[in-house]
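Novice:
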Amino acid sequence: MSGPRALDESFLALPLSALTDAALTRAVDLGCEHADIRVERIRTQNISLRDARPEAFSDGEDLGLAVRVVHEGTWGFAAGVVLTAAEAVRLAEEAVAVATVSAAVNTDRVELAPEPVYPDATWVSDYELDPFDV
218 MSGPRALDES FLALPLSALT DAALTRAVDL GCEHADIRVE RIRTQNISLR
268 DARPEAFSDG EDLGLAVRVV HEGTWGFAAG VVLTAAEAVR LAEEAVAVAT
318 VSAAVNTDRV ELAPEPVYPD ATWVSDYELD PFDV
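Written as C-alpha cells, this is what we have:
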C-alpha cells in the first residue's frame, strides 16, 4: 500500500470545524477535563447473487457524530446522526450527563496520560484495493 489515503471532498465539505468548536466549547463551559469529538462516515455496498448472477445492488452511507468527555473524573459519551452545531452542543451536554450519572458507580477516577493535543487528526481505513473501484 502506498501512503495514507486522502479524505474525499464530500466528507471535507461537512461542517467539521463548526461541529468541533460547538461541542468542545460547550464541554469546556461545563467543566470537562477532557473532551473529544468524532465525525464518522461509513460507506457500504452490497451485491446479491442468485445462481452466480447479480440480482440486487445497494449502496449505503451512515454519518454520525460522537462526543466523549471526562467530567469530574468519569467518562461520558453521547452520539447522534444530526450534523449541526446545535446537535453537537446537545451531545456534549448529554455526554456530561452520562458522566454525572456514571460517577455514582465509578470507583477509580480517570487519569489520562500526559499527551499532546492532536488538532484535526484524521483516520481512514487501510486497504490495498478500494472496494468501490471494483
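Be aware that the sequence shown starts at 218, since it is given in the working numbering, and climbs by one per residue.
Even for Gly, the Cβ is constructed at its ideal location relative to N, Cα and C.
Which residue comes first and which comes last in the alpha helix (DSSP H) that contains Phe-228?
Specialist: Run containing Phe-228: 226-229, per the alpha helix (DSSP H) assignment.
Novice: Whose C-alpha, out of Ala-303, Ser-265, Ala-240 and Trp-292, is nearest the C-alpha of Val-327?
Specialist: The option with the nearest alpha carbon to Val-327 is Trp-292.
Novice: Report buried or exposed for Thr-237, applying the criterion of at least 16 other Cβ atoms within 10 angstroms of its Cβ.
Specialist: Label assigned to Thr-237: buried.
Novice: Pull up the distance between the alpha-carbon of Leu-280 and that of Leu-308, whole angstroms please.
Specialist: Cα-Cα distance, rounded: 15 Å.
Novice: Measuring CA to CA, which of His-251, Leu-241 and Ala-240 is closest to Pro-331?
Specialist: The candidate whose alpha carbon is nearest that of Pro-331 is His-251.
Novice: For the beta strand (DSSP E) that contains Arg-326, what are its first and last residues?
Specialist: Here Arg-326 belongs to no beta strand (DSSP E), and DSSP marks it neither H nor E.
Novice: With a CB to CB cut of under 7 Å and the five nearest residues on each side skipped, what residues in its chain are close to Glu-311?
Specialist: The residues are Ala-295.
Novice: To the nearest angstrom, report how far apart Val-315 and Leu-329 are at their CA atoms.
Specialist: So the alpha carbons of these two residues sit roughly 19 Å apart.
Novice: Tell me, please, whether the segment 240-250 touches the segment 269-286 by the rule of three or more beta-carbon pairs shorter than 8 Å.
Specialist: With the cut-off at 8 Å, the segment 240-250 and the segment 269-286 touch.
Novice: Using only alpha-carbon positions, find the residue among Asp-337, Val-341 and Cys-249 that is nearest to Pro-232.
Specialist: Considering only alpha carbons, the answer is Asp-337.
Novice: Between Ala-320 and the rest of its own chain, which residues show a CB-CB distance below 7 Å, the 5 nearest in sequence each way excluded?
Specialist: Correct list, in chain order: Glu-289 and Thr-291.
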